[in-house]
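J.: Below are the structure tokens for one structure; questions will follow.
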Amino acid sequence: MHLFFSKKDLALGIVLGVVIGLVLGYVVSTRDIDDLKSQISNLQSQIEQIRELIPPLRTLAEENGILIGSAVTASYLTEAPYAQTLSREFDILTTENALKFEPVHPSRDQYTFGDADAIVSFAEANGMKVRGHTLVWHQQLPGWITQGTFTREEWKTILHDHITTVVSRYKRRIYAWDVVNEAIDDDGSLRNTVWLQGIGPEYIRLAFEWAHEADPQALLFYNDYGASGSGVKSDAVYNLVKNLTESGVPINGVGLQMHISLESPPVFGDIAANFERLNDLGLEVQVTELDVRLRTPATTEDLTQQANIYRNMLEVCLSADNCTAFVMWGFTDKYSWIPAANPGYGSALIFDESYNPKSAYFALISVLAERSNQD
Ligand code: G3I
3 MHLFFSKKDL
13 ALGIVLGVVI
23 GLVLGYVVST
33 RDIDDLKSQI
43 SNLQSQIEQI
53 RELIPPLRTL
63 AEENGILIGS
73 AVTASYLTEA
83 PYAQTLSREF
93 DILTTENALK
103 FEPVHPSRDQ
113 YTFGDADAIV
123 SFAEANGMKV
133 RGHTLVWHQQ
143 LPGWITQGTF
153 TREEWKTILH
163 DHITTVVSRY
173 KRRIYAWDVV
183 NEAIDDDGSL
193 RNTVWLQGIG
203 PEYIRLAFEW
213 AHEADPQALL
223 FYNDYGASGS
233 GVKSDAVYNL
243 VKNLTESGVP
253 INGVGLQMHI
263 SLESPPVFGD
273 IAANFERLND
283 LGLEVQVTEL
293 DVRLRTPATT
303 EDLTQQANIY
313 RNMLEVCLSA
323 DNCTAFVMWG
333 FTDKYSWIPA
343 ANPGYGSALI
353 FDESYNPKSA
363 YFALISVLAE
373 RSNQD
């Protein structure tokens, strides 16, 4: 039989058909993708517009009479979304590492204030207060301290010089200091630190007195973890600050760190009761290092539970007469101490790694907004 098309023509025709089909398919699917892209971009700009209608945390916190803040690292301040989110949302910053003994006083006759200066200047430029963290701690100490062999008088001179130099430099610029950090051990005893060994238990009282001499207007805090609710450590911290207060030592409050795990949420009633007994001593409380870690990757349910913990903790603070600040240990999951220190855990803060607000952020907004509307 004579074929009108040769087999070769037929094969070419099929190939051509397939190619035309692919090209047409590509054009159609490209159009679909373009449509999708433009819908997404419309949605994104609508979300942005809605977000602009929500007041920042700091505005709502101010209406509720508390400060709201975050720990910061100086080197990230040059990253635009980091700086913009900080200045928009918060009115108090804590120096995460910049003022610890090792970075700020690396050798006996050398102080390095660059990072702390940058944080304090940023805060001032954006109408924020600063919490100085921390004058006396057993971690992040330089070798000249950890390996130093000094007499008791020399230890006192070293600590006095350190506190006087650091606090004086930021006189009237740093609003509150974590003067002594984590001096109580988990069993409620005084932690065995270089300061206890070198000076004796009175190093705590002396640190508060020297800080007060250097800046009489600064608020002075004792800061610790595991002491927010009930228990042996919480009682030991209570007894320590009670003794200090009754002996006339210049202490204004207690900082409760609150590094929480989703797996063991706190008992909020116990925290409220602890805030109250500290109030009875005439002391402020500040939530100083809040974060809520969870196993990663986070599920939607995890993030909802996390948001509830942030919400409940803020409720406790707002309901207490003496809770003056609510500070988180960072704000973006991009920069948090959690994954390095707790492998397998993360996502502990209120903005994700791309600076998008998480459920926890909206939980804080809603608590503050509800209470603003009640007033
Ligand atoms: O700055 C050095 C750098 O020079 C060096 O190259 C690098 C190598 O590891 O280390 C850098 O220091 C690190 C420092 O953070 C600054 O990034 C330390 O290794 C690291 O251990 C240190 O971790 C800090 C930790 O305290 C130290 O114990 C965390 O960032 C900080 O978030 C954490 O904060 C503490 C509070 O002060 C007290 N309450 C608990 C809280 C969490 O542990």
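Just so we're on the same page, the numbering used here is the position in the sequence shown counted from 1, plus 2. A virtual CB, placed ideally from N, CA and C, is assigned to each residue, including glycine.
1) At a cut of 8 Å, does the segment 55 to 65 reach the segment 95 to 115 through at least three beta carbon pairs?
2) Measuring from the CB of Q141, is there a heavy atom of ligand 1 at a distance below 6 Å?
3) Nearest CA to the CA of F333: which residue from T87, Q51, S40?
4) Can you tell which of V168, L351, N276, E155 has its C-alpha closest to the C-alpha of A309?
5) Between E98 and ligand 1, is there a pair consisting of the residue's CB and a ligand heavy atom that are separated by less than 6 Å?
6) Tell me whether E155 is buried or exposed, calling it buried when 16 or more other Cβ atoms sit within 10 Å of its Cβ.
7) Within the continuous beta strand (DSSP E) that includes E291, where are the two ends?
8) Which of the three DSSP states is assigned to P83 in this structure?
9) List the endpoints of the continuous beta strand (DSSP E) containing R60.
10) Taking 6 Å as the cut-off, is the C-beta of Q259 nearer than that to any heavy atom in ligand 1?
11) Return yes when at least one heavy atom of ligand 1 lies under 6 Å from the C-beta of W339, else no.
12) Give me the Cα-Cα distance between S72 and Q112, rounded to the nearest whole angstrom.
13) Rounded to the nearest angstrom, how far is the Cβ of W197 from that of L161, given a contact under 8 Å?
14) When you compare only the Cα positions, how much space is there between G231 and V318?
15) Alpha carbons only, please: which of F103, Y177, R171, T247 is nearest the one belonging to D282?
16) Let's test the definition: count the other Cβ atoms within 10 Å of the Cβ of P105 and tell me whether it reaches 16, buried, or not, exposed.
17) Which residue from Y78, R171, G129 puts its Cα closest to that of T114?
18) Using CA coordinates, which residue listed in A178, R193, A371 is at the minimum distance from V256?
19) Flag this pair as yes or no: are the beta carbons of A120 and L95 separated by less than 7 Å?
20) How far does the beta strand (DSSP E) with R174 in it reach, from first residue to last?
21) With a threshold of 7 Å on Cβ separation, who are the neighbours of N358 within its own chain once the five nearest residues in sequence on each side are excluded?
22) For K360, which beta-bridge partners are listed by DSSP?
23) Please go through the same chain and pick out, in chain order, the residues whose beta-carbon is closer than 6 Å to the beta-carbon of T75, but skip the five residues on each side of it.
24) Taking Cβ to Cβ, would you say L366 is nearer than 7 Å to Y312?
25) To which residues of the same chain is G338 closer than 8 Å at the C-beta, ignoring the five residues directly before and after it?
26) Which complete alpha helix (DSSP H) runs does the segment 199 to 249 hold, if anything under 4 residues is left out?
27) Assign G200 to buried or exposed, taking buried as 16 or more other Cβ atoms, counted over all protein chains shown, within 10 Å of its Cβ.
T.: With the structure as the only source:
1) The segment 55 to 65 makes no contact with the segment 95 to 115; the number of CB pairs closer than 8 Å stays below 3.
2) Relative to ligand 1, the beta carbon of Q141 is positioned inside 6 Å of a heavy atom.
3) Measuring from the Cα of F333, the nearest candidate turns out to be T87.
4) Closest by C-alpha distance to A309, out of V168, L351, N276, E155, is L351.
5) Taking 6 Å as the cut-off, one finds at least one heavy atom of ligand 1 near enough to the beta carbon of E98.
6) With a 10 Å radius around the Cβ and a threshold of 16 neighbouring Cβ atoms, E155 comes out exposed.
7) From DSSP, the beta strand (DSSP E) with E291 extends over 286 to 297.
8) Secondary structure of P83 (DSSP, three-state): helix.
9) That residue, R60, is in no beta strand (DSSP E); its alpha helix (DSSP H) goes 59 to 65.
10) True, at least one ligand heavy atom lies under 6 Å from that Cβ.
11) Using a cutoff of 6 Å, the CB of W339 counts as near ligand 1, since one of the ligand's heavy atoms is closer than that.
12) Approximately 28 Å, taken between the alpha carbons.
13) Distance from W197 to L161 at the Cβ level is roughly 7 Å; contact confirmed, criterion being Cβ atoms closer than 8 Å.
14) Straight across, the Cα-Cα distance linking G231 with V318 is about 12 Å.
15) Taking the Cα of D282 as reference, the smallest distance to any Cα among F103, Y177, R171, T247 is reached at T247.
16) By the 10 Å Cβ count, P105 comes out buried.
17) Out of Y78, R171, G129, R171 has the C-alpha closest to the C-alpha of T114.
18) Here the closest residue by C-alpha is A178.
19) No Cβ-Cβ contact shorter than 7 Å links A120 with L95.
20) Note, R174: premise wrong, no beta strand (DSSP E); not H, not E.
21) The beta carbon of N358 lies closer than 7 Å to none in the same chain, with the five residues before and after it left out.
22) BP columns for K360 are empty, so no partner.
23) If we look at T75 and ignore the five residues flanking it on each side, its Cβ neighbours are E98.
24) Yes, these two residues count as a Cβ contact at 7 Å.
25) The sequence given here has Ser at residue 338, not Gly. For S338, where only same-chain residues beyond five positions count, the Cβ hits under 8 Å are D293, W331, G332, G348, A350, L351.
26) Those alpha helix (DSSP H) runs which fall completely within the segment 199 to 249 and span 4+ residues are 205 to 216, 234 to 248.
27) G200 should be labelled buried.
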